[in-house]
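A.B. asks: Chains as they are written, first to last, in this note's numbering: chain A, 31 to 247; chain B, 38 to 330.
1) Which chain B residues are close to residue 178/A, counting only those with a beta carbon under 8 Å from its beta carbon?
2) Between which two residues does the alpha helix (DSSP H) containing residue 95/B stretch?
3) I need the DSSP call for residue 115/B, collapsed to helix, strand or coil.
4) Looking at the unbroken beta strand (DSSP E) that takes in residue 44/A, where does it start and where does it end?
5) Going by DSSP, which residues form a beta bridge with residue 167/B?
6) Taking DSSP as the reference, what is the three-state secondary structure of residue 90/A?
7) Can you give me the C-alpha to C-alpha distance between residue 126/A and residue 179/A, rounded to a whole angstrom?
8) Roughly how many angstroms lie between the CA atoms of residue 181/B and residue 50/A, to the nearest whole one?
9) Closer than 7 Å, Cβ to Cβ, to anything on chain B: give me those residues from the stretch 53–67 of chain A, in chain order.
10) State the start and end residues of the unbroken beta strand (DSSP E) segment that holds residue 191/A.
11) Quick one: which unbroken beta strand (DSSP E) runs of 3-plus residues sit fully inside the stretch 110–140 of chain A? Chain order, please.
12) Determine the extent of the beta strand (DSSP E) in which residue 272/B is found, giving its start and end residues.
13) At the level of alpha carbons, what is the spacing between residue 298/B and residue 89/A?
14) Which residue comes first and which comes last in the alpha helix (DSSP H) that contains residue 245/A?
15) Exposed or buried, what is residue 293/B when buried is set at 16 or more other beta-carbons lying within 10 Å of its beta-carbon?
16) Near residue 225/B, what residues of its chain come up, given a Cβ to Cβ distance below 6 Å and the 5 sequence neighbours on each side ignored?
17) How far does the beta strand (DSSP E) with residue 184/A in it reach, from first residue to last?
18) Below 8 Å, how does it come out for the stretch 40–50 of chain A and the stretch 167–181 of chain A: are there three or more Cβ pairs, yes or no?
19) Along the alpha helix (DSSP H) that carries residue 239/B, what are the first and last residues, could you check?
20) Using 7 Å as the cut-off, classify the Cβ of residue 67/A as near or not near the heavy atoms of the ligand GDP, replying yes or no.
21) Quick one: which chain A residues come within Cβ less than 8 Å of residue 65/B?
22) Please list the partners that residue 285/B has in chain A, where partner means a Cβ-to-Cβ separation under 8 Å.
23) Below 8 Å, can you find three or more Cβ-Cβ pairs linking the stretch 44–53 of chain B to the stretch 280–287 of chain B?
24) Measuring straight from C-alpha to C-alpha, what distance separates residue 86/A and residue 219/B?
25) Grab me the residues of residue 245/A's own chain with a C-beta within less than 8 Å of its C-beta, minus the 5 sequence neighbours each way, in chain order.
26) Assess, as a yes-or-no matter, whether the stretch 247–267 of chain B is touched by the stretch 140–151 of chain A under the definition of 3 or more beta carbon pairs within less than 8 Å.
27) Compare the beta carbon distance of residue 248/A and residue 168/B with 8 Å and say whether it is the shorter of the two.
28) On the premise that residue 268/B lies in contact with residue 68/B, defined as a C-beta separation below 8 Å, what is that separation, rounded to the nearest angstrom?
29) Report, in whole angstroms, the separation of the C-beta atoms of residue 307/B and residue 313/B, which I expect to be a contact under 8 Å.
30) Pick from 70/B, 242/B and 256/B: whose alpha carbon is nearest that of residue 42/B?
31) Taking CB distances under 8 Å as the criterion, tell me whether residue 108/B reaches chain A.
32) When the distance is taken between beta carbons, is residue 95/A closer than 8 Å to residue 52/A?
33) Expressed to the nearest angstrom, what Euclidean distance is found between the alpha-carbon atoms of residue 152/B and residue 110/A?
34) Does residue 265/B come out as helix, strand or coil in the three-state DSSP assignment?
35) Given a cut-off of 8 Å on the beta-carbon distance, is the pair residue 190/A and residue 36/A in contact?
36) Is residue 122/B helix, strand or coil when you go by DSSP?
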């Protein structure tokens, strides 16, 4: 498909929580394709399209910082009147990334829910228009909402060259989350969520993201 | 309740607040010393710390008013003690007001429930919540998003040792006094950036009145958060970027860059807001800059 999009995203903090360490959150070294998809969806998304992440360029050195905060242990519920923060306090640490910057290469596919009026050109142009103007449906974030994302559309391939790479050689990042598939029943309720992982290798700062089908083989 | 005047514009804002001889936000990992960015030496205040103050302010300002309840409360507010009595009997509440848990198995009931929660609680409407009503937990993403506040200049926290003329335990009686510690920042000017998304506001029914309340909370919250630890804290400036459309007219980072806060030339050590100067650039087309305070 000729509708590849390159988006530069950056921010002061990021936390792409590892599922195996999510009580005291520990971030992955890099952004997951799932988090990257969330950024695109925050800018433009319709049920007619599905974002697919192709490549993630890691521009900044990978650095961590520890932040411990007071959190509450329970979730909100209709049966409960209020949560008393002082009684349900948990102090949890988060090991977050600092000063991150990525270039995400992505494209979208039309889904079975797309109608006649949903052409690829239309969605491509809506996305370009919004990204150029800095518009978004909601502010995208790096993993958690307190870590907002700044974004810039890279329209020329030459612009990519401006951002030199600090990572050289091949770095094995181990297994990281690729994305999750949601199985939804007729009422639109999520019945099952299946996580998919892939072996992430960063070669000269670039992580090639495999297709979901390849991972499932 | 019903539908409110929805938001038709996107907003971003910069909040400047300062602290004098106090601890704006203690770090539990560092013995309650003020939070520090270890690399730059700049002070930090977490997003949740500010959210806590917004909640406390709304609770005080809108005490008892329907649809302005606060879900995540600090138990220190006296009024809550009365309510706690009710909380001990959750069964009564359940039958009177809400559908039974089993009924919320269906998507539409869940939506109804989360809407009900949004209508009743200001903080859920503004900041969102993970709700576990029913089998599937509905999740509400609120329109208001804060980031970490960071000080303009590196801060230099000080440990102050204090004494108390009494002891807690009898076995320490001969000691006569106990020593304690307090960490303070002599002066720090902090900057927080935040976002209000109009599409999400319309999903949680966060209306124009709610937005106005958010602004007044940001302006007044420190006036109702006095304590021995905090020292003198105050909101110094609130700069709001109002876009003319729902999706916005300019990238947020470009707008934030318009507000430059620097130490005045000739000032080596800042000890008050007067030691700083603020420059606001010209807004791009379609964006209005509103200065509050």
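Glycine included, each C-beta is placed from N, C-alpha and C at the ideal position.
C.D. replies: Result, derived from the coordinates:
1) 182, 184, 230, 232 and 289
2) 84–98
3) Since pLDDT at residue 115/B reaches only 43, below the 50 mark, its modelled position is unreliable, and the value read off the structure follows with that caveat. If DSSP states are grouped into helix, strand and coil, residue 115/B belongs with coil.
4) 35–44
5) 176/B
6) coil
7) 15 Å
8) 29 Å
9) none
10) Where residue 191/A is concerned, there is no enclosing beta strand (DSSP E), although the alpha helix (DSSP H) it sits in stretches over 187–191.
11) 119–140
12) 269–280
13) 28 Å
14) 242–246
15) buried
16) 56, 80, 188 and 192
17) 180–184
18) yes
19) 235–241
20) For the ligand GDP, the structure offers nothing, since it holds no ligand at all.
21) 98, 99, 100 and 121
22) 163, 164, 165 and 166
23) yes
24) 46 Å
25) 208, 226, 227 and 228
26) no
27) Past the boundaries of the shown model lies residue 248/A; chain A is included only from 31 to 247, so the question cannot be answered.
28) About 18 Å separates the two Cβ atoms, so there is no contact after all.
29) 6 Å
30) 242/B
31) yes
32) no
33) 15 Å
34) coil
35) yes
36) Residue confidence for residue 122/B is low, a pLDDT of 45 falling below 50, so the modelled location carries little weight and cannot support an answer.
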